[in-house]
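A short worksheet on the structure shown next.
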Amino acid sequence: MKIIIIGADGQLGLDCTSILAGEHNLILPTIAELDLCEESSLRGFISAHRPEVVINCAAYTAVDHCEKELEICRRVNADGPGFLAKACGETGSRLIHISTDYVFDGRKPIPHPYLEEDPVHPLSHYGRTKLDGERAVAAYGDDYAILRTAWLYSAGGPNFLKTMLRLSLADPAATRRVVNDQYGSPTWSHTLARQISLLLTSEIQGVVHTTAEGYATWYETACSFLEKMEIEHNLAPCKTADYPTPAHRPANSILDNGVLNQHGLSLFVDWRDDLDTFVKRHGRQLLAELGSI
Ligand SMILES: NC(=O)c1ccc[n+]([C@@H]2O[C@H](COP(=O)([O-])OP(=O)(O)OC[C@H]3O[C@@H](n4cnc5c(N)ncnc54)[C@H](OP(=O)(O)O)[C@@H]3O)[C@@H](O)[C@H]2O)c1
224 MKIIIIGADG QLGLDCTSIL AGEHNLILPT IAELDLCEES SLRGFISAHR PEVVINCAAY
284 TAVDHCEKEL EICRRVNADG PGFLAKACGE TGSRLIHIST DYVFDGRKPI PHPYLEEDPV
344 HPLSHYGRTK LDGERAVAAY GDDYAILRTA WLYSAGGPNF LKTMLRLSLA DPAATRRVVN
404 DQYGSPTWSH TLARQISLLL TSEIQGVVHT TAEGYATWYE TACSFLEKME IEHNLAPCKT
464 ADYPTPAHRP ANSILDNGVL NQHGLSLFVD WRDDLDTFVK RHGRQLLAEL GSI
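The sequence shown maps to residues 224 to 516 in our numbering.
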């Protein structure tokens, strides 16, 4: 199958590339070849290649920066997906677009998970632009799935777990406050990439929740990871109010993979099991990258 992956250098894009490369003909444009914000060149690229599937892993993901970089965030997260959906409609390509838990306000009582059909109400500019991206895909798309995921980590690309590892290795005794009143499902981008592989040819249309099973706070996630890595640390739980950030984040980011489960297609396991496998597979590599072995 001919597949274009946009954002192939990002953490999910790298895992999609490695999962799909053996079986499919992948086209991996650089941002210079395909900029989501450039409608006419984007349409030209898609119509020249006429892929069966386009996977959009690209986004403006720096959630706090989005509060200042309003325009570029909107172009990449909201306008770009609309351009892409139109272009895919012209070539009859299926579009798999990635969205986020941050379309919700997190006011649902914990641990009740958000369903695909629950009302959306983003708290941040990032969340609002991602929601507008979803709406643009739905408005212009013919054959599409919008996968909402959350709390991604991977061996490639910077992420929360790698930051916790770097800080703890640098100074294990230093006390680091980590938020302990926001709940979500840490999701390994490798598992999401496998799930995407399964959805390439599926009949599923529309919004699909795609996160690991189970949930934790950021603090619990960090402690669990560092313990599995056998790294000394001194993390201290704190409240969101004690750790102010430019963007507001939902207290409840737990998603229910309802659509996947109804179709019997979910590959997701409990987040702790995936984290175990991640550490076994990549632990030494992560330490080597930080010069620790
Ligand atoms: N990370 C999370 O915890 C998380 C949580 C929920 C949902 N998501 C969603 O999951 C998806 C993948 O996230 P990720 O963590 O893999 O993101 P990432 O590592 O930040 O990668 C994003 C990619 O998008 C590319 N990109 C940015 N602007 C572009 C443009 N105008 N045209 C083409 N490419 C562009 C980036 O290229 P450059 O590196 O060259 O800028 C990068 O390769 C995104 O849709 C994100 O919103 C992520």
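Beta carbons: idealized from backbone N, C-alpha and C, even for Gly.
From which residue to which residue does the beta strand (DSSP E) around residue i run?
i, result
"residue 458", "458-461"
"residue 279", "276-279"
"residue 310", "Element bounds for residue 310: not the beta strand (DSSP E) but the alpha helix (DSSP H), 303-314."
Taking the Cβ atom as the reference point for each residue, do residue i and residue j lie within a distance shorter than 8 Å?
i, j, result
"residue 301", "residue 352", "yes"
"residue 233", "residue 281", "yes"
"residue 505", "residue 362", "no"
"residue 360", "residue 345", "no"
"residue 295", "residue 257", "no"
"residue 349", "residue 286", "yes"
"residue 322", "residue 357", "yes"
"residue 490", "residue 410", "no"
"residue 456", "residue 412", "no"
"residue 239", "residue 427", "no"
"residue 445", "residue 458", "yes"
"residue 249", "residue 319", "no"
"residue 417", "residue 242", "yes"
"residue 171", "residue 237", "No statement about residue 171 is possible, as the shown extent of the chain runs from 224 to 516 and does not include it."
"residue 292", "residue 470", "no"
"residue 324", "residue 473", "yes"
"residue 306", "residue 340", "no"
Taking the alpha helix (DSSP H) that residue i belongs to, which residues open and close that run?
i, result
"residue 449", "441-451"
"residue 248", "No alpha helix (DSSP H) contains residue 248, which is instead part of the beta strand (DSSP E) from 248-250."
Quick one: using the 10 Å Cβ neighbour count with 16 as the cut-off for buried, is residue i buried or exposed?
i, result
"residue 297", "buried"
"residue 393", "exposed"
"residue 336", "buried"
"residue 509", "buried"
"residue 513", "exposed"
"residue 507", "exposed"
"residue 244", "exposed"
Under a CB-based cut-off of 8 Å, is residue i close to chain C?
i, result
"residue 294", "The structure shown has no chain C; it contains just one protein chain."
> Three or more beta-carbon pairs under 8 Å between the region 224-241 and the region 276-293, yes or no?
Replying inline: Yes: at least three Cβ pairs fall under 8 Å.
>> Could you check whether the region 424-441 touches the region 467-484, counting it as contact only if at least three pairs of C-beta atoms, one from each stretch, sit closer than 8 Å?
In response: Touching, per the Cβ criterion.
> Would you say the region 326-341 touches the region 385-399, given that touching needs at least three Cβ pairs under 8 Å?
Replying inline: In short, these stretches do not touch, since the Cβ pair count stays below three.
>> Using 8 Å as the cut-off, can you tell me whether the region 461-468 makes contact with the region 390-405, which would need three or more C-beta pairs spanning the two stretches below that distance?
In response: Under the Cβ criterion (8 Å, minimum of three pairs), the region 461-468 counts as touching the region 390-405.
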